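What follows is a single structure, written as structure tokens, with notes after it.
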Amino acid sequence: WIRYAGLDGKIVYESSGSEKFRDAEALLIRRKQGVKEGKQPHIKRIANYTFGQLAEQYLEWIKGRQASVNVKRSVISKHLERYANIPLRMFTTAVVEQLQSELIGKDYRNAYTNKVLRVLKGMFTKAVEWDYVEDETLRRVRKVRLLREDKHLRYLSIDECQALINACSPYLRPIVIIALYTGMRKSEILNLKWSNIDLANNLILLDRTKNGERREIPINATARNALLTLPRRLDGGLVFSKPRTGKPVRNVNVAFNLACKRAKIIDFRFHDCRHTFASQLVMSGVDLATVSSLLGHKHIAMTMRYSHLAPAHRAKAVEILDEALNGNYTKTIQSGVCR
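Residues 162 to 500 (this note's numbering) make up the sequence shown, in order.
What follows is the structure in structure tokens.
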């Protein structure tokens, strides 16, 4: 904090918005120079907002803007609610690092720990935009580095896919089939409505996706048959709802983990169904650009994680060049390999 006399002679106390002495000193020099020049400093007054007030406003703001609202609500409720009565300006790098350490100590995956911190950082970014807190607090929160994530991809073989489907309860089976045969995210499946499904053209049309862009997903025969086994709502409502109450399904983790146990499949999460979809496509020779489009990736760099699964196809591409350069170019084209 700095202290100086304003044009009217009254003592002014002002936060420098920094923990560094030189920053406070530089601000004090600017303020005194302004007073000498006859300028009354304009000080932005920020109310003493609490984290609970920010959380309430943030959750209201992301409604309709982000498809991950339920995920973020869950993160805030499970890990951040304890900060509800703490003023935002009290958040320091140490507070955030302590949260990170606690999550690591509870054996959460690095990816999940990073997800919690990303939610927190996103909230403080909006807090600065809304003048709930000063920039320095955001800098302190952002200072905490994310953990290195395990990039290992877990995907199922063809036989394992069938074993998992067979092990599912009748209620869970169509959900898992849609996941394996379309590559849709869990939130996209559980929020899927009949009004999003065009059976005449075998398409699923998603308006609200993770990256905010519209996506068309082709339905193959297996996925179509799974949908046809379900009772169709005339109002175009949810495809998957609780059998007894008709209410939305929030999660299927318990039933899914039980199915994996029955099928003797270990270390496999629901999201890995999406990895299985992409991995099997790449290993079947589908190009990465097409896989990227089907997954709804905003950038193909996200799809490159699957590129190592296609070494045989890269070798085949080089063989095509070998045939072409050795005078077999016409034969190669006629075989339908080169397009």
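Built from N, CA and C at the ideal position, the CB exists for glycine as well. Since the model is a prediction, treat every value here as computed from it, not as a measurement.
Quiz item: Does the beta-carbon of residue 272 have 16 or more other beta-carbons within 10 angstroms, so that it is buried, or is it exposed?
Solution: Flag for residue 272 reads exposed.
Quiz item: Can you give the beta carbon distance from residue 482 to residue 420, rounded, assuming they're within the 8 Å contact cut?
Solution: Wrong, their Cβ atoms sit about 45 Å apart, outside the cutoff.
Practice problem: Name the residue from 240, 471, 285, 224 whose alpha carbon lies nearest to the alpha carbon of residue 252. | Solution: Out of 240, 471, 285, 224, the CA that lies nearest to the CA of residue 252 is found in 285.
Exercise. Tell me whether residue 469 is buried or exposed, calling it buried when 16 or more other Cβ atoms sit within 10 Å of its Cβ.
Key: Exposed, since its Cβ has fewer than 16 Cβ neighbours within 10 Å.
Quiz prompt | Coarse secondary structure for residue 280, derived from DSSP in three states | solution = Correct three-state label for residue 280: helix.
Self-check item: Spatially closest choice to residue 241 from 435, 191, 212, by CA coordinates
Solution: For residue 241, the nearest C-alpha among the options comes from 212.
Quiz item: Helix, strand or coil: how does DSSP classify residue 374 here?
Solution: If DSSP states are grouped into helix, strand and coil, residue 374 belongs with coil.
Self-check item: Paired residues, beta bridge with residue 305 - DSSP
Solution: Beta-bridge pairing links residue 305 to no other residue.
Quiz item: If we ignore side chains and look at the alpha-carbon of each, how far apart do residue 494 and residue 265 end up?
Solution: Here the model assigns residue 494 a pLDDT of 38, short of 50, so the residue's position is not dependable, and the following value carries that caveat. One C-alpha to the other measures close to 55 Å.
Exercise. Classify residue 334 as helix, strand or coil using the three-state DSSP reduction.
Key: DSSP places residue 334 within a helical segment (H, G or I) once states are collapsed to three.
Quiz prompt | Cβ neighbour criterion (16 or more within 10 Å) applied to residue 182 | solution = Result: exposed.
Exercise. Counting only the same chain and skipping the five closest in sequence on each side, list residues whose C-beta sits under 6 Å from that of residue 237.
Key: Taken in chain order, the residues that qualify are 216.
Quiz item: Considering only residues of the same chain and omitting the five flanking positions on each side of residue 301, which have a CB-CB separation below 6 Å?
Solution: Excluding the 5 residues flanking it on each side, residue 301 has same chain C-beta neighbours closer than 6 Å at 253, 254, in chain order.
Practice problem: Output the distance between the C-alpha atoms of residue 396 and residue 307, rounded to the nearest integer angstrom. | Solution: When rounded, the distance between both Cα atoms is 44 Å.
Self-check item: Proximity below 8 Å, CB of residue 260 to CB of residue 210
Solution: No Cβ-Cβ contact shorter than 8 Å links residue 260 with residue 210.
Exercise. Could you tell me whether any non-hydrogen atom of the ligand FMN is closer than 7 Å to the CB of residue 425?
Key: Ligands are entirely absent from the displayed structure, and the ligand FMN is therefore not among its contents.
Quiz item: Are the region 315-324 and the region 392-407 touching, with three or more C-beta to C-beta distances below 8 Å?
Solution: The region 392-407 and the region 315-324 do not touch, with fewer than three beta-carbon pairs separated by less than 8 Å.
Quiz item: Per DSSP, what kind of secondary structure is residue 254 in: helix, strand or coil?
Solution: Judged by DSSP in its simplified three-state form, residue 254 adopts helix.
Quiz item: Which residues mark the beginning and the end of the alpha helix (DSSP H) in which residue 361 is found?
Solution: Residue 361 -> no alpha helix (DSSP H), and no H or E assigned at all.
Quiz item: Who pairs with residue 193 in a beta bridge, going by DSSP?
Solution: As DSSP reads the structure, residue 193 sits in no beta bridge.
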